[in-house]
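K.L.:
2 protein chains.
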Amino acid sequence: MNSNQYLQAAELHCERRGCKLTALRKQVLELVLRHEGVVKAYQVLADLQKERGAAAPPTVYRALDFLVEQGLLHRVDALNGFIVCDHFECQHESMILVCETCGKVQEVDVMAALNGLRDVAQAADFTLSHQNLMLTGLCKACRV
Amino acid sequence: MNSNQYLQAAELHCERRGCKLTALRKQVLELVLRHEGVVKAYQVLADLQKERGAAAPPTVYRALDFLVEQGLLHRVDALNGFIVCDHFECQHESMILVCETCGKVQEVDVMAALNGLRDVAQAADFTLSHQNLMLTGLCKACRV
DNA sequence: GGCTTGATGTTATACAGTAACATGCGTTCC
DNA sequence: GGAACGCATGTTACTGTATAACATCAAGCC
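Top to bottom, those sequences are chains A and B. Sequential numbering of the first sequence, starting at 1, is according to this note's numbering. Sequential numbering of the second sequence, starting at 1001, is according to this note's numbering.
1. For L97/A, which of L138/A, A46/A and D47/A has the nearest alpha-carbon?
2. Which first and last residues belong to the alpha helix (DSSP H) in which D65/A is found?
3. Pull up the distance between the alpha-carbon of C1099/B and that of R118/A, whole angstroms please.
4. In three-state DSSP terms, what is H1074/B?
5. Do the CB positions of Q70/A and R34/A come within less than 8 Å of each other?
6. Taking the alpha-carbon positions, what's the Q49/A to V60/A distance?
7. Going by beta carbon distance, what residues of the same chain come within less than 7 Å of A1063/B, once the five residues before and after it are set aside?
8. Inspect the beta-carbon positions of D77/A and M1/A and report whether they are closer than 8 Å.
9. For T59/A, return the contacting residues in chain B, with the cut-off set at a CB-CB distance below 8 Å.
10. Tell me, which residues are paired with T1022/B by DSSP?
11. In whole angstroms, what separates the C-alpha of C1014/B from that of Q5/A?
12. Tell me whether the beta-carbon of D109/A lies closer than 8 Å to the beta-carbon of S94/A.
13. Confirm, please, whether the CB-CB distance from V105/A to L73/A is below 8 Å.
14. Excluding the five sequence neighbours on either side, which residues of its own chain have a C-beta within less than 6 Å of the C-beta of L1133/B, listed in chain order?
15. Under 8 Å, do I1145/B and V1044/B count as touching if we go by C-beta distance?
16. Looking at A121/A and L1135/B, is the spacing between their C-beta atoms short of 8 Å?
17. Check each candidate in G81/A, E89/A and E51/A and name the one with the smallest Cα separation from A41/A.
18. Can you tell me where the beta strand (DSSP E) holding M1/A begins and where it ends?
19. Is L1007/B closer than 8 Å to E1030/B when the C-beta atoms are compared?
20. Closest to D125/A by C-alpha separation, out of L1067/B, N1115/B, K1140/B and D1125/B, would be which residue?
What follows is the structure, encoded as structure tokens:
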């Protein structure tokens, strides 16, 4: 799926969910797409300023929050960053693997394996939300 | 284990690992212990200032980083906070459950359940580090 | 004593995120 | 058409989180 296809699909996805991927939101999504892996809010802000002049933090944060809500982006807490989710259509639970060395990020599906964790949480009287796990380790390239 | 016992055990733990739980570090650890659940760095800083006058952010962050490295504290990325780990002695992999509603945090052991995730990561050519999972959901009290 | 090493102090600043209010703009309802 | 509403965006100012860089201090070693 190329960038344009993605944006089109994203637009449809939003419509189906009863909200609008406005020009600004689309532009922010596009800026995130342009980077590989994790992007920081202030990076997006800088990019946005290059493209449309003045822009303040709230502009970017609002768009990013929206995109996360729609499932188009994931927030990576450990890095204060955001990554594109490229399978927002399907119900999924994914695990986000963050390489300690190079910082690269990949997302893998993990529906089945999560059940074990869900059981443990349940035993502790805790109900897991639908969510994305974030785990750290070493990616193939950084493993010696 | 009460607070004093904990601090003593922590001191020993550090010595065994070839480093020192200095007076400052001990004081910071104590301040974290005093709170239930997650504490913020700047909260600790404020507490520290009350006890010893002037103190700047790096003082606290350095101590907190040290304590995390030694396994005495866990960082809770999603909340920009820290919690005490009360079983730093044993090799463990734990899952930290953060309630979306009340923000309370609990830590449960999850050695076994993690293996499923490890397998999935391995299949994606990714080696998980020894780590603590952080998951969100609803605790018993907040579930209606 | 003089040197090294690691911990702490200090100053300044970078980076992350939000509150609060103003403005614009399309829809609906009359 | 135009009033009223709701939502997106713009703007200002601020709060909160974290670190770089350099200065100082204290303990151990030769």
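Glycine residues also receive a C-beta, built at the ideal position from the N, C-alpha and C atoms.
P.N.:
So, to answer that:
1. Closest in C-alpha terms to L97/A, from the list L138/A, A46/A and D47/A, comes L138/A.
2. Per DSSP, D65/A belongs to the alpha helix (DSSP H) from P57 to E69.
3. The alpha-carbon atoms of C1099/B and R118/A are separated by roughly 14 Å.
4. In the structure shown, H1074/B adopts extended strand secondary structure according to DSSP, grouped into three states.
5. No, the Cβ-Cβ distance between Q70/A and R34/A is not below 8 Å.
6. Cα-Cα distance, rounded: 10 Å.
7. Answer for A1063/B: L1024, R1025 and V1028, listed in chain order.
8. Taking 8 Å as the Cβ cut-off, D77/A and M1/A do not qualify as a contacting pair.
9. What T59/A touches in chain B: nothing, since even the nearest Cβ is about 23 Å away.
10. Per DSSP, T1022/B has no beta-bridge partner at all.
11. Distance between the alpha carbons of C1014/B and Q5/A is about 54 Å.
12. For D109/A and S94/A, yes; Cβs fall inside 8 Å.
13. No, the Cβ-Cβ distance between L73/A and V105/A is not below 8 Å.
14. Answer for L1133/B: M1095, listed in chain order.
15. Only positions 1001 to 1144 of chain B appear in this structure, which leaves residue 1145/B out of reach.
16. Yes, these two residues count as a Cβ contact at 8 Å.
17. When only C-alpha atoms are compared, the closest one is G81/A.
18. That residue, M1/A, is in no beta strand (DSSP E); it is neither H nor E in DSSP.
19. Yes; because the gap between Cβ atoms is below 8 Å, this pair is in contact.
20. Measuring from the Cα of D125/A, the nearest candidate turns out to be K1140/B.
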